[in-house]
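In what follows, a structure is listed as structure tokens, so that the remarks can point back to it.
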Amino acid sequence: MLDPDWVRGHADDFDVFHIHFGFDACSPSLLHELVAVLAEFGKPLVLTVHDLRNPHHDTPAAHDEHLDILVPAADALITLTAGAAAEIERRWGRVARVVPHPHVLDLADLLSREVGASGAPRTSAAAAQSRPFLVGLHLKSMRPCMSGAPVVAALMDTVEEMGDATLRIDVHRDVAEADGDRHDAVLVEALHAAHARGAQLHVHDFFSDAQLWAYLADLDVSVLPYRYGTHSGWLEACRDLGTAVAAPTCGYYADQGPVFSFGLNEAGLDAVSLTRAVWAARAAGRPAPLCAVTRTAQRERIAALHEQIYRDVLARAERAGKR
Numbered sequence: 210m211l212d213p214d215w216v217r218g219h220a221d222d223f224d225v226f227h228i229h230f231g232f233d234a235c236s237p238s239l240l241h242e243l244v245a246v247l248a249e250f251g252k253p254l255v256l257t258v259h260d261l262r263n264p265h266h267d268t269p270a271a272h273d274e275h276l277d278i279l280v281p282a283a284d285a286l287i288t289l290t291a292g293a294a295a296e297i298e299r300r301w302g303r304v305a306r307v308v309p310h311p312h313v314l315d316l317a318d319l320l321s322r323e324v325g326a327s328g329a330p331r332t333s334a335a336a337a338q339s340r341p342f343l344v345g346l347h348l349k350s351m352r353p354c355m356s357g358a359p360v361v362a363a364l365m366d367t368v369e370e371m372g373d374a375t376l377r378i379d380v381h382r383d384v385a386e387a388d389g390d391r392h393d394a395v396l397v398e399a400l401h402a403a404h405a406r407g408a409q410l411h412v413h414d415f416f417s418d419a420q421l422w423a424y425l426a427d428l429d430v431s432v433l434p435y436r437y438g439t440h441s442g443w444l445e446a447c448r449d450l451g452t453a454v455a456a457p458t459c460g461y462y463a464d465q466g467p468v469f470s471f472g473l474n475e476a477g478l479d480a481v482s483l484t485r486a487v488w489a490a491r492a493a494g495r496p497a498p499l500c501a502v503t504r505t506a507q508r509e510r511i512a513a514l515h516e517q518i519y520r521d522v523l524a525r526a527e528r529a530g531k532r
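Now the structure itself:
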């Protein structure tokens, strides 16, 4: 749909054009043409600004160029946190409506996790007390935004200091294996060093959704190793599952939901603050999962806000005589 010709061919099929993701694959010239064609056909553009810094890019330049086209052209802007909205206003002089990130797990899955097959409430928090405190670091395929070896070393020192804690590190095969597309020899050396000190090391391909939920539910705290970024669906999945999150001070993770913050950005890692964050997560205990009732109510509010935004931009277009 991010194609001017698609808009020309389907202009009678939609009322509002809402962009979330995918435009990083578009050239700036195509985006300029896209917004011009939408204006030509009187189709309001709504943009949800999920990322103010693209986690897949080494530098901000390309994403900034895209946002410099879309943000000024949009008839309405949405973002997920007040911090991101404030940055949008600073950078572009535009006001974005803050609409929170919804649930990530299916609502039916959330409900089934609240009450087991026998009808008894979940007891995962109590069960977790009978085993070592489990710290999770999932490096996936090492996006450009991720810090690897420094975070691994700091977490290994932290769990050793705790004594009765375990560090679980997951990484995809494309990073760990020598012939992988994203092989990182320095990181692999750090992973083997941590494994020799007692860390659990899991090398695998992408988890299915079910595997990912099971993995996250087993953790006491999931550490987000991001040097830059904005918001996180991973964080939101942890909230669904009742897993604590240690998140960096870059981006707006602490605005998105309760996290244990530590210093990490492009200038480097504050290892002492990471240790403090993990200790604080342990002292706080496992957070309660966001229940299906809470998430359902939130989803209904989010849907109502979107409907209001769509009706507002359509009404403005009607008044302006664009439709």
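Reading the sequence shown from the start, the letters are residues 210 to 532 in this note's numbering. Just so you know, even glycine gets a beta-carbon here, dropped at the ideal spot from N, CA and C. Just so we're clear, the structure is a prediction, and the values are computed from it rather than from any experiment.
Could you please give the first and the last residue of the uninterrupted alpha helix (DSSP H) stretch that includes residue i?
i	result
N277	In the sequence as presented, Asn is not what sits at residue 277; that position holds Asp. Element bounds for D277: 270 to 282.
A363	358 to 371
H515	501 to 528
V395	394 to 405
V412	Per DSSP, V412 belongs to no alpha helix (DSSP H); it is in the beta strand (DSSP E), 409 to 413.
L346	That residue, L346, is in no alpha helix (DSSP H); its beta strand (DSSP E) goes 342 to 347.
Y462	462 to 465
L421	418 to 427
Buried or exposed for residue i, please, with buried defined as at least 16 other CB atoms from any protein chain shown within 10 angstroms of its CB.
i	result
D390	exposed
P330	At P330 the pLDDT is 43, less than 50, meaning the model places this residue with poor confidence; the figure from the coordinates comes in the next sentence. That one is exposed.
S431	buried
G438	buried
Q517	exposed
M355	buried
R491	buried
M365	buried
A223	Sequence inspection shows Phe at residue 223; the Ala mentioned does not correspond to that position. It is exposed - the Cβ of F223 has fewer than 16 other Cβ atoms within 10 Å.
S327	Caution applies to S327, whose pLDDT of 36 falls short of 50 and renders its modelled position unreliable; the value that the coordinates give is listed next. Label assigned to S327: exposed.
P237	exposed
R377	buried
A317	exposed
F230	exposed
R508	exposed
R300	exposed
R441	For the sequence presented, residue 441 should be read as Ser rather than Arg. Per the 10 Å Cβ criterion, buried.
G460	buried
P498	buried
Using DSSP with H/G/I as helix, E/B as strand and the rest coil, what is residue i?
i	result
D383	helix
V324	strand
G477	strand
S470	strand
Y435	strand
G218	helix
T290	coil
H151	Any property of residue 151 remains undetermined from this structure, which presents the chain solely from 210 to 532.
M210	coil
R306	strand
A446	helix
A374	strand
F250	coil
H266	coil
V209	Lying outside 210 to 532, the shown extent of the chain, residue 209 is not represented and no answer is given.
A493	helix
A329	Here A329 scores only 45 on pLDDT, less than 50, and its place in the model should not be relied on; the value that follows carries that caveat. Looking at A329 - three-state DSSP - the assignment turns out to be coil, as it is neither helix nor strand.
Please report the residue range of the beta strand (DSSP E) in which residue i lies.
i	result
P457	453 to 457
V255	254 to 258
Restricting to Cα atoms, I'd like to know which of the options is closest to residue i.
i	options	result
E298	F415, W488, L286	L286
R322	R525, Y519, A501	A501
D449	R377, R406, D222, T505	T505
G451	G472, G442, L428, Y462	L428
D233	A220, D260, G345	D260
I278	D379, F250, I228, P341	I228
R169	V308, G345, A489	A query on residue 169 cannot be resolved here, the shown segment of the chain reaching from 210 to 532 and no further.
S339	A394, N263, D373, S350	D373
A426	S441, E445, V412, H440	E445
V255	G530, R528, A526, Y519	Y519
P213	C235, S238, E242	E242
M371	E386, G357, V344, D388	V344
H266	W488, V487, R352	R352
A524	P253, L240, G472	P253
F250	P269, H219, C235, P359	H219
Report back the beta-carbon spacing between residue i and residue j to the nearest angstrom; my notes put them in contact at under 8 Å.
i	j	result
P457	L348	That pair is no contact at about 14 Å.
H564	Q409	This structure leaves residue 564 out entirely; the chain is present only between 210 and 532.
D284	V522	4 Å
T375	V368	6 Å
T246	V216	Per the sequence shown, the amino acid found at residue 246 is Val instead of Thr. The Cβ separation is near 5 Å, so the contact holds.
D414	R382	6 Å
A453	R495	7 Å
G319	H312	Note that residue 319 is Leu in the sequence shown here, rather than Gly. Their Cβ separation, rounded to whole angstroms, is 7 Å, which keeps L319 and H312 in contact under 8 Å.
R303	V324	No, R303 and V324 are not in contact; Cβ-Cβ is about 44 Å, not under 8 Å.
Determine whether the Cβ of residue i lies closer than 9 Å to any Cβ atom of chain C.
i	result
R382	In the displayed structure, chain C is absent; only one protein chain is listed.
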